[in-house]
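What follows is a single structure, written as structure tokens, with notes after it.
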Amino acid sequence: MNPLLKIPSTDFNGVRDGRNSLPLYIDIDLTLARSIGANTQLVIEIAANSFYADADTSNGGNATVHFQDTNLGSSSAPFFVSPGFIANVGFTKLLIENTAQAGKRMRIFYGVDIDFQAGVNSSIAISGDVKINNLLSQKIPVYQAGIDYGSSYKSNTSMAANTPDTVFSAAANVNGAIVWLASLTTVGTSQPAHVGLVAKATAPASIIDGDLILCSDNTSASASSNFGSASLKTPIKIPAGKGLYAISTAAEQASYSLRSVLYTLL
126 MNPLLKIPST DFNGVRDGRN SLPLYIDIDL TLARSIGANT QLVIEIAANS FYADADTSNG
186 GNATVHFQDT NLGSSSAPFF VSPGFIANVG FTKLLIENTA QAGKRMRIFY GVDIDFQAGV
246 NSSIAISGDV KINNLLSQKI PVYQAGIDYG SSYKSNTSMA ANTPDTVFSA AANVNGAIVW
306 LASLTTVGTS QPAHVGLVAK ATAPASIIDG DLILCSDNTS ASASSNFGSA SLKTPIKIPA
366 GKGLYAISTA AEQASYSLRS VLYTLL
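Okay, here's the thing in structure tokens:
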């Protein structure tokens, strides 16, 4: 033997001559129902301390397995066994109950001191609500070209006073939305005139009817018109169940207004 080689953890000589247990298996037909109550239980006399139900979800079925205790009493622990079930428990007998499952079987692998472990085809189930990290933490560059924001809104159609224009509806916002960038420019036909973005479960009746996300500033005013603009440069999250609407306090002059929003529906 090469003294530089590490001694393996497995006794391969024992494997070769049969002293080490290899996985054994037995197939159980689940076509007919079995139960202790109907005295139709199945008792199998096999000895092992490692138990594994084959993870074959296409052909495999479910059963209730009692380890060792076959006296039909209440002290026997009933294990619900489905494909992929693993147990490390010593037994010399198995008692099996099952509902009638046409075309299904349970293939049981067993042996002594075999460390059955879940393989790559096993699945993990997560119950309850799964919270997704806030997309803002991903630090997506708002102004970088080529970013897929998901959706966009743009319009240069002049709005009537207090008549909202829908960016996205409350019905479309099922899981919340992120507004990445918004730009508003308005020229109203009278003073004062403001244009803004309002989040609300229903269409707003005015610029303050709901959550005012963005509002223009008065940068130029006269007796007959009012110019204003605003831009959103910090992303903001809109709660689920609320729509986003553009709305102006005064009728806009034709061909002078521009609104654009980049957003993502989560």
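Heads up, this note's numbering is the position in the sequence shown plus 125, with the first residue counted as 1. Yeah, the Cβ is synthetic: ideal placement off N, Cα and C, and Gly gets one too.
Enclosing beta strand (DSSP E) for residue i [first to last residue]
{"i": "E222", "result": "L219 to E222"}
{"i": "F352", "result": "N351 to L357"}
{"i": "F216", "result": "Per DSSP, F216 belongs to no beta strand (DSSP E) and is neither H nor E."}
{"i": "S373", "result": "G368 to S373"}
{"i": "V190", "result": "A188 to F192"}
{"i": "Y235", "result": "R230 to G236"}
{"i": "A324", "result": "V320 to K325"}
{"i": "Y278", "result": "S276 to S280"}
{"i": "L149", "result": "L149 to D154"}
{"i": "S201", "result": "Premise fails: S201 is in no beta strand (DSSP E) and is neither H nor E."}
{"i": "S308", "result": "A302 to G313"}
{"i": "D290", "result": "D290 to F293"}
{"i": "L337", "result": "D336 to C340"}
{"i": "S385", "result": "L383 to L390"}
Assumed close pair residue i, residue j - CB separation to whole angstroms, cut-off 8 Å
{"i": "T156", "j": "Q226", "result": "7 Å"}
{"i": "T291", "j": "G368", "result": "6 Å"}
{"i": "S331", "j": "N287", "result": "5 Å"}
{"i": "L387", "j": "L306", "result": "4 Å"}
{"i": "N223", "j": "A158", "result": "7 Å"}
{"i": "I239", "j": "P148", "result": "6 Å"}
{"i": "Y177", "j": "I211", "result": "5 Å"}
{"i": "S276", "j": "L390", "result": "6 Å"}
{"i": "D179", "j": "F234", "result": "7 Å"}
Cα-Cα separation between residue i and residue j, rounded to whole angstroms
{"i": "V206", "j": "A188", "result": "5 Å"}
{"i": "F204", "j": "N164", "result": "18 Å"}
{"i": "A295", "j": "L337", "result": "15 Å"}
{"i": "K208", "j": "G301", "result": "Before going on, a small fix: residue 208 reads as Pro here, not Lys. If you take the alpha carbons of P208 and G301, they lie about 38 Å apart."}
{"i": "N174", "j": "K218", "result": "11 Å"}
{"i": "I303", "j": "A379", "result": "30 Å"}
{"i": "N351", "j": "L383", "result": "14 Å"}
{"i": "V299", "j": "F293", "result": "11 Å"}
{"i": "P364", "j": "C340", "result": "19 Å"}
{"i": "E377", "j": "V320", "result": "9 Å"}
{"i": "K229", "j": "N138", "result": "38 Å"}
{"i": "L261", "j": "A285", "result": "At L261, the pLDDT of 47 sits below 50, so the modelled position is not reliable; the number obtained from the coordinates is stated separately. C-alpha separation (whole angstroms): 34 Å."}
{"i": "T374", "j": "K325", "result": "17 Å"}
{"i": "S385", "j": "K362", "result": "17 Å"}
{"i": "I333", "j": "A318", "result": "13 Å"}
{"i": "G169", "j": "Q242", "result": "The displayed chain sequence assigns Ile, not Gly, to residue 169. Those two C-alpha atoms are separated by around 24 Å."}
{"i": "D154", "j": "T327", "result": "59 Å"}
{"i": "N184", "j": "A371", "result": "57 Å"}
{"i": "G335", "j": "P289", "result": "12 Å"}
{"i": "I87", "j": "R232", "result": "It is not possible to answer for residue 87, since the shown part of the chain is limited to 126 through 391."}
{"i": "V237", "j": "P360", "result": "60 Å"}
{"i": "T311", "j": "K279", "result": "13 Å"}
{"i": "L357", "j": "L322", "result": "10 Å"}
{"i": "Y381", "j": "N281", "result": "7 Å"}
{"i": "G186", "j": "P329", "result": "56 Å"}
{"i": "A172", "j": "Q193", "result": "9 Å"}
{"i": "A450", "j": "L167", "result": "Coverage of the chain is limited to positions 126 through 391, which leaves residue 450 absent and any answer about it impossible."}
{"i": "G313", "j": "A297", "result": "30 Å"}
Let me know the beta strand (DSSP E) ranges lying completely inside the region 156-185, each 3 residues or longer, listed in chain order.
Secondary structure within the region 156-185: the beta strand (DSSP E) runs of 3 or more consecutive residues, fully enclosed, are 167-169 and 175-178 (chain order).
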